[in-house]
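Per my numbering, the very first residue in the sequence shown carries number -1; after that it's consecutive.
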Amino acid sequence: MTDIHIVGAGAIGLSFAHALSQRHNVSVITRTLPTDKWLISEHLGTKVINAKPVVLAHTQSLSIANCFICVKAYQLPQAIADVLPYLSDHANLFISHNGMCDLSEVLDQLKPNQALFFISTARGALKLDDNHVKITGSGDTYLGACNTQAHSIIKHIFGIYFSGILSQSFIHEDMTLLRWQKLLVNIAINPLSALHQVPNGQLRQPKFSATILALLNEACTVANKAGIKVTLSQALDNAYQVMSRTSANFSSMAQDVKHGRKTEIEAICGYVVAQGQLLNVSTPYNAQMLQALINKH
Ligand SMILES: NC(=O)C1=CN([C@@H]2O[C@H](COP(=O)(O)OP(=O)(O)OC[C@H]3O[C@@H](n4cnc5c(N)ncnc54)[C@H](OP(=O)(O)O)[C@@H]3O)[C@@H](O)[C@H]2O)C=CC1
Ligand SMILES: CC(C)(CO)C(=O)C(=O)O
């Protein structure tokens, strides 16, 4: 049993907290203390999550050995800045979010023996209210190493924190490829489902196909120029499969727009536009989606 800190009492943070608390001591770092116990509902009913809330400002002497950061892409820099002073010299840091962030900015701030891992998850979770999360889907979770220290201990870490704890979890050898593959799915589904406020399955209608093709064509061209081996046909297949498997779900971006929250569009279409500029690839469809969603903020 080890001590784990999770940053973010959101849908994914609380769902990880519940799973990890079966074998470890879990604390969840929040900006303000919760008003009530955290609850989780899944097929077996509703349970109290066995995790302790922690507000960093109240715990100056804290040393964090294992830290899972489960926040939105645009919240990552602040979350890293918040926990960095508390990380032990051999800390394991796990990051999980949709979209792409420049991980080199995180790596530059770590000490030589601190390990950085990325978690890509297709688990579905929804906050019903401030203290209550509902598991809405069981998807695969992949753990990947982002620096040399993480590469050297990944099998050991997987055994302690993932195997038998987070169902359907695996080690992935090529996190960059996996992150791009997930990005391509999010590019096809998230902005259109958000703008039209439709569940994922509705995007299979022919009226959306030309836009999906154009968005993915631009993104695959950028990826290929960056040396990432993805093909347009694979990207389309994956996106349409996810639309079918999650047909009744509203994407995270559709929910963000519905509730008037900031979206992760900058880390999704915005990343393709920014990389396109660097690599001299024109990305007008992604730029248009980026602007349309920014207008909703
Ligand atoms: N929900 C899902 O089913 C899935 C989500 N994802 C991805 O996982 C990531 C997290 O998503 P999700 O859990 O749904 O998002 P949520 O918005 O539900 O959770 C994020 C939580 O982190 C908190 N937070 C942000 N910054 C800090 C900080 N510095 N200190 C303490 N708390 C902080 C937020 O608080 P506040 O509200 O105050 O900002 C919020 O409670 C996203 O990138 C999402 O796209 C991926 C797969 C599935
Ligand atoms: C895979 C998908 C599109 C599932 O809804 C997702 O990641 C999201 O909603 O952000």
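Where a beta carbon is used, it is the ideal one built from N, C-alpha and C, also for glycine.
Just so you know, these numbers come straight off a predicted model, no measurement behind them.
Q. Helix or strand or just coil, what does DSSP make of Asn111?
A. The three-state secondary structure of Asn111, taken from DSSP, is coil.
Q. According to the Cβ coordinates, are Thr134 and Ser94 closer than 8 Å?
A. no
Q: Might you give, ordered along the chain, the residues of its own chain that have their beta carbon closer than 8 Å to the beta carbon of Leu175, omitting 5 neighbours on each side?
A: Taken in chain order, the residues that qualify are Ile226, Lys227, Val228.
Q.
I'd like the list of long-range same chain contacts for Asp87, defined as Cβ closer than 8 Å, with 5 residues on each side in sequence excluded.
A. Here Asp87 has Lys109, Asn111, Gln112 as same chain residues with Cβ atoms under 8 Å from its own Cβ, once five neighbours each way along the sequence are excluded.
Q. In chain order, what residues of the same chain have a beta carbon less than 7 Å from the beta carbon of Met98, not counting five sequence neighbours either side?
A. Arg177, Leu181, Ala265, Tyr269
**Q.** Outcome for Met173 when other beta-carbon atoms lying within 10 angstroms are tallied against a minimum of 16
**A.** Buried is the call here.
**Q.** Inter-residue CB distance, Gln107 and Asp138 (contact presumed, cutoff 8 Å)
**A.** That belief does not hold up - the Cβ atoms of Gln107 and Asp138 are roughly 29 Å apart, past 8 Å.
Q: Please list, in chain order, all residues of the same chain as Val53 whose beta carbon is under 8 Å from its beta carbon, the five residues on each side excluded.
A: Ile27, Thr28, Arg29, Thr30, Leu31
Q | Boundaries of the alpha helix (DSSP H) in which His16 is found, first to last residue | A | 9 to 18
**Q.** Among Phe92, Asp100, Thr146, Val24, nearest to Tyr140 - alpha-carbon criterion
**A.** Phe92
(Q) Please determine whether the Cβ atom of Cys144 lies at a distance below 7 Å from any heavy atom of ligand 1. (A) no
Q: Say whether the segment 2 to 12 touches the segment 122 to 129, bearing in mind that this needs 3 or more beta-carbon pairs closer than 8 Å, one atom from each stretch.
A: yes
Q | Simplified DSSP assignment, three categories, for Ile163 | A | coil
Q) If you draw a straight line from the alpha carbon of Lys294 to that of Cys267, how long is it in whole angstroms? A) 15 Å
Q: Could you tell me whether the Cβ atoms of Leu37 and Asn129 are closer together than 8 Å?
A: Yes, the pair counts as a contact, with Cβ atoms nearer than the cut-off.
Q: Confirm the yes/no value for this check: CB of Ile47, any heavy atom of ligand 1, distance under 7 Å.
A: no
(Q) Excluding the 5 residues flanking Ala290 on each side, which residues of the same chain have their C-beta closer than 8 Å to its C-beta? (A) Pro189, Leu193
(Q) Quick check: is any heavy atom of ligand 1 less than 7 Å from the C-beta of Arg121? (A) yes
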